[in-house]
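In my numbering, the protein residues as written are 4 to 378. Idealized CB from N, CA, C, for every residue including glycine. Report on the structure given below.
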Ligand SMILES: C=C1C[C@]23C[C@@]1(O)CC[C@H]2[C@@]12CCC[C@@](C)(C(=O)O1)[C@H]2[C@@H]3C(=O)O
Ligand SMILES: O=C(O)CCC(=O)C(=O)O
Ligand SMILES: [Fe+2]
């Protein structure tokens, strides 16, 4: 089975090579300006702002006996929810946040020692999706696939071991939680875990692949014209996101527009990704999300991007197909899908949709994701 890193080697993404030290920028350079200065405040979206409505992303207590139903409803209607009582100690969040702060606070020349190569995924750099946009995003990121050891040795020749320990512990906790969430999501779809061969006899999902992706969004001199991370869906089955206590994450909700996902102390954000969208035959749509920045506070987030073994075929479950609901997607491996995403970005889901080629149907997120103005 190809590893996740190998899956990417065939799909290089060429990004702007110049990196900026955000702290040294007193004004927003034109290369980061997504809107013109005389545009009104809401030019970054044509959707109504949700200031007047009180729509909130569901918060689900994993100890609630009704959790499977609540999760099912949240996946169907939002594609995102927050979880509490997930069993992960808060000390682990403090540790990963400390590591994140230590990493992004390093001088740029030090971070660049662990820079991602054009045909790689691991390491320091800009968001991979940057190549699809004419403007730069006000963020930096660091991706870990496999072991963090080689990268951390470059960043912290003395202190690497303590940060490696934190990552190993955090990934183990995330892997366990992701398997639990998979079981709950499958139960909510009425799919026995025995139907998913790689789930294993007890639903441990041992063969799962994952990436740990750290984001930093420095405070920004002109936040209304900048974009932290452009609208996208994750290619995963699910993503588990930890955010520090700084706002910025927004999700697109049908009929509502962009809705903020406020940080919840001790909570975790769970996104439905494209592969769960496919596996559920479109019943659980992947959520389009983005990150806005602010003038005074630096935002950090750590995303655990979780998927199947890279060579396992993911297809709509037969139990979710019937006379009134035809099979909507062809089967794909994560490896293949990541390649499609690297080429087509937010059109990737439509590209594997069976009926799109027949009757011109497109996926919900495709046309909305380009909803920004570039100055
Ligand atoms: C497994 C992965 C999913 C991801 C690409 C990656 O190798 C690690 C980074 C992930 C991420 C995070 C930000 C948004 C995103 C679209 C991107 O460019 O990098 C996702 C990728 C994805 O889900 O397709
Ligand atoms: O920073 C965030 O809140 C979102 C990050 C994200 O969407 C991602 O890493 O895929
Ligand atoms: Fe994301």
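Residue 78 - DSSP class collapsed to helix/strand/coil
Per DSSP, reduced to three states, the secondary structure at residue 78 is helical.
Report the option in 336, 213, 287 and 141 whose CA atom is closest to the CA atom of residue 151.
Minimum Cα distance to residue 151 is reached at 213.
Hey, would you say the C-beta of residue 124 is under 7 Å away from at least one heavy atom of ligand 1?
With a cutoff of 7 Å, residue 124 counts as near ligand 1, since its C-beta is closer than that to a heavy atom of the ligand.
Residue 245: which of 290, 350, 260 and 265 sits nearest, CA to CA?
Minimum Cα distance to residue 245 is reached at 265.
Distance cut-off 7 Å: residue 277 Cβ against heavy atoms of ligand 3
False, no ligand heavy atom lies under 7 Å from that Cβ.
Assign residue 161 to one of two classes, buried (16 or more other C-beta atoms within 10 Å of its C-beta) or exposed (fewer than that).
Residue 161 comes out exposed.
Counting pairs of beta carbons, one from the region 174-189 and one from the region 337-345, are three or more of them closer than 8 Å?
These segments do not touch.
Among all the DSSP beta bridges, which residues are the ones paired with residue 85?
In the DSSP output, where bridge partners are listed per residue, residue 85 has 62 and 272.
Is it buried or exposed for residue 49, if we count other Cβ within 10 angstroms and need 16 for buried?
With a pLDDT of 48 at residue 49, under the threshold of 50, the modelled position of this residue cannot be trusted; read the value that follows with caution. Residue 49 is exposed by the Cβ-count criterion.
Which ranges does the beta strand (DSSP E) cover as unbroken runs of at least 3 residues, wholly within the region 217-267, from first to last along the chain?
Counting only runs of 3 or more, we get 232-235, 241-246, 252-256 and 260-263.
Determine whether the beta carbon atoms of residue 189 and residue 305 lie at a separation below 8 Å.
If you check the CB distance, residue 189 and residue 305 do not come in under 8 Å.
Pair every Cβ in the region 308-316 with every Cβ in the region 285-297, then say whether three or more of these pairs are closer than 8 Å.
Because the criterion of three Cβ pairs below 8 Å is not met, the region 308-316 and the region 285-297 do not touch.
Cutting at 8 Å between CB atoms, please list the residues of its own chain near residue 277, excluding the five before and the five after it.
Here the set comprises 236, 237, 238, 239, 289, 340, 344, 351 and 352.
Neighbourhood of residue 169 by C-beta, 7 Å cutoff - its chain only, sequence neighbours within 5 removed
If the five residues before and after residue 169 are omitted, its C-beta is found closer than 7 Å to the C-beta atoms of 98, 99 and 102, all from its own chain and listed in chain order.
Any beta strand (DSSP E) of 3 or more consecutive residues that is wholly inside the region 281-338:
Counting only runs of 3 or more, we get 292-294 and 302-310.
Which residue's Cα is closest to the Cα of residue 211: 187, 181 and 224?
Of the candidates 187, 181 and 224, the one whose C-alpha sits nearest the C-alpha of residue 211 is 181.
Report the start-end ranges of each beta strand (DSSP E) in the region 96-162 that is 3 residues or longer and not cut off at the edges.
Segments of the beta strand (DSSP E) lying fully in the region 96-162: 126-128 and 143-147.
Where the alpha helix (DSSP H) through residue 352 begins and ends:
In the DSSP assignment, residue 352 falls within the unbroken alpha helix (DSSP H) covering 351-354.
Please name the residue, chosen from 230, 329, 145 and 104, that lies closest to residue 217 on a Cα-to-Cα basis.
Of 230, 329, 145 and 104, the residue nearest in Cα terms is 145.
Going along the chain, which residues of its own chain have a beta-carbon closer than 7 Å to the beta-carbon of residue 43, five neighbours each way excluded?
Summary for residue 43: the model assigns pLDDT 49, below 50, so the residue's position carries little reliability; its value from the coordinates is reported in the next sentence. Cβ neighbours of residue 43 beyond the five flanking positions: none.
Just to check, is the beta-carbon of residue 235 closer than 7 Å to a non-hydrogen atom of ligand 1?
Yes, since a heavy atom of ligand 1 falls inside the 7 Å radius drawn around the Cβ of residue 235.
Is the distance from the Cβ of residue 64 to the Cβ of residue 26 below 8 Å?
Their beta carbons are not under 8 Å apart, which means residue 64 does not touch residue 26 by this criterion.
Name the DSSP beta bridge partners of residue 215, please?
DSSP output for residue 215 lists 147 and 307 as bridge partner(s).
Helix, strand or coil at residue 277 [DSSP, three-state]:
When DSSP states are grouped into helix, strand and coil, residue 277 belongs to the helix group.
Evaluate residue 141 with the Cβ neighbour count: other Cβ atoms within 10 Å of its Cβ, from every protein chain shown; 16 or more gives buried, anything less gives exposed.
So residue 141 ends up on the buried side.
Do residue 81 and residue 61 have their C-beta atoms within less than 8 Å of each other?
In this structure, residue 81 lies near residue 61, with their beta-carbon atoms less than 8 Å apart.
Spatial neighbours of residue 249 within its chain, please: C-beta separation below 6 Å, excluding the five flanking residues on both sides.
Excluding five sequence positions before and after residue 249, the CB atoms of its chain that fall closer than 6 Å to its own CB belong to 300 and 302, given in chain order.
For residue 192, which residues in the same chain have their Cβ closer than 8 Å to its Cβ, ignoring the five residues on either side in sequence?
The beta carbon of residue 192 is closer than 8 Å to those of 75, 283, 286, 287, 320, 322 and 323 in its chain, skipping five residues each way along the sequence.
Regarding residue 280 and ligand 3, is the C-beta to nearest heavy atom distance less than 7 Å?
Residue 280 Cβ: outside cutoff for every heavy atom of ligand 3.
Euclidean distance between Cα positions of residue 79 and residue 59:
Roughly 15 Å between the two C-alpha positions.
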